[in-house]
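See below for the structure under consideration.
Residue numbers (this note's numbering), protein chains in the order written: chain E, 1 to 115; chain B, 116 to 229.
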């Protein structure tokens with residue numbers, strides 16, 4: 001079945017460092033890909049998404065490109081801030097026609113940014 | 116704009132007691148609705164989803180049940196809680212097929228079973 005694998009955390013960086021969180025997926029169809037972020041004690045927020053190959057999702061300085069040839073959707077940010085400290089989830093969506101879409105989540109990567 | 120509410124925010128219950136968690140969505144009609152559980156330090160597990168009133172699909176067999184009595188209301192229940200039911204419960208909604216398949220999450224309910 002479909003699955004998502006993302007790098008294990010925790011990841012600890014200094015402020016203004018470059019961030020990459022790796023994510024690869026396995027899917028039989030053509031899924032949409034997502035990054036969600038979860039701040040401490042809160043629900044998940046959609047960070048960015050891409051719906052087809054070579055699409056680039058971007059938001060708040062974060063970017064990820066849908067790479068079909070490598071089945072990857074790595075999250076990047078050029079200069080992280082302390083406020084970016086959170087858990088990041090990579091996910092894919094298997095749209096099921098008229099029924100509900102099923103999102104498969106990776107296990108999450110905890111990111112901590114030092115001032 | 117659409118908003119999703121969950122309550123209570125935090126709940127501490129003894130083993131064997133009943134449970135009722137509520138989720139409501141505003142600003143949209145006929146959404147798909149979802150219940151997830153997140154165990155401490157773990158990823159998300161889809162528990163139930165619903166494509167309409169009274170229509171519930173269960174993803175994993177367990178001690179919990181779900182109901183959708185109204186279009187924008189989704190309830191998670193248990194008759195007798197187990198220690199293993201502790202976790203962070205998240206409700207989510209999405210637009211029906213034909214639109215975006217993005218799911219939008221509520222703030223969550225943290226359940227501790229003692």
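Backbone N, C-alpha and C fix where the C-beta goes; we use that ideal spot for every residue, glycine too. Source: prediction; values computed, not measured.
Using 8 Å for Cβ pairs, my map puts residue i next to residue j. What's the rounded Cβ distance?
i	j	result
residue 163(B)	residue 173(B)	6 Å
residue 159(B)	residue 224(B)	14 Å between Cβ atoms; not a contact.
residue 89(E)	residue 73(E)	Between residue 73(E) and residue 89(E) the Cβ distance is about 12 Å, and since that is not below 8 Å, they are no contact.
residue 108(E)	residue 87(E)	5 Å
residue 58(E)	residue 48(E)	6 Å
residue 126(B)	residue 226(B)	5 Å
residue 21(E)	residue 38(E)	Rounded, the Cβ-Cβ distance is 13 Å, inconsistent with contact.
residue 199(B)	residue 146(B)	The pair is not a contact, with the Cβ atoms about 29 Å apart (cut-off 8 Å).
residue 92(E)	residue 33(E)	5 Å
List the residues of chain B that residue i touches, going by C-beta distances under 7 Å, in chain order.
i	result
residue 56(E)	Neighbours of residue 56(E) on chain B: none; closest Cβ ~16 Å, over 7 Å.
residue 49(E)	217
residue 9(E)	What residue 9(E) touches in chain B: nothing, since even the nearest Cβ is about 10 Å away.
residue 108(E)	158
Does the separation of the CB atoms of residue i and residue j fall below 8 Å?
i	j	result
residue 84(E)	residue 113(E)	yes
residue 77(E)	residue 19(E)	yes
residue 140(B)	residue 121(B)	no
residue 82(E)	residue 15(E)	yes
residue 153(B)	residue 221(B)	no
residue 182(B)	residue 192(B)	yes
residue 35(E)	residue 53(E)	no
residue 166(B)	residue 229(B)	no
residue 205(B)	residue 132(B)	no
residue 185(B)	residue 171(B)	no
Which bits of chain E does residue i rub up against, with CB to CB less than 9 Å?
i	result
residue 205(B)	43, 44
residue 189(B)	Correct list: empty, because the minimum Cβ distance to chain E is about 12 Å.
Determine the extent of the beta strand (DSSP E) in which residue i is found, giving its start and end residues.
i	result
residue 151(B)	147–153
residue 119(B)	118–122
residue 128(B)	125–128
residue 187(B)	Looking at the DSSP string, residue 187(B) is not in any beta strand (DSSP E), and its letter there is neither H nor E.
residue 165(B)	159–167
residue 202(B)	202–209
residue 50(E)	44–50
residue 6(E)	3–6
residue 12(E)	11–14
So who's on the other strand from residue i, going by DSSP bridges?
i	result
residue 75(E)	21(E), 64(E)
residue 86(E)	111(E)
Taking C-beta pairs closer than 8 Å, name the residues in chain B that residue i reaches, listed in chain order.
i	result
residue 112(E)	Result: empty, since nearest Cβ-Cβ is about 14 Å, beyond 8 Å.
residue 102(E)	161, 164
residue 1(E)	Per Cβ cutoff of 8 Å: no residues; residue 1(E) is ~12 Å from chain B at best.
residue 61(E)	The contacting residues do not exist; residue 61(E) stays about 20 Å from chain B at best.
residue 93(E)	216, 217, 218
residue 105(E)	158, 159
Going along chain B in order, which residues have a C-beta closer than 9 Å to the C-beta of residue i?
i	result
residue 89(E)	158, 159
residue 29(E)	Simply none; closest approach about 12 Å.
Find the residues of chain E that neighbour residue i, judging by a C-beta separation of less than 7 Å, and give them in chain order.
i	result
residue 222(B)	42, 43
Taking 7 Å as the cut-off, does the CB of residue i come closer than this to any heavy atom belonging to the ligand NAD?
i	result
residue 158(B)	The model depicted lacks the ligand NAD and carries no ligand whatsoever.
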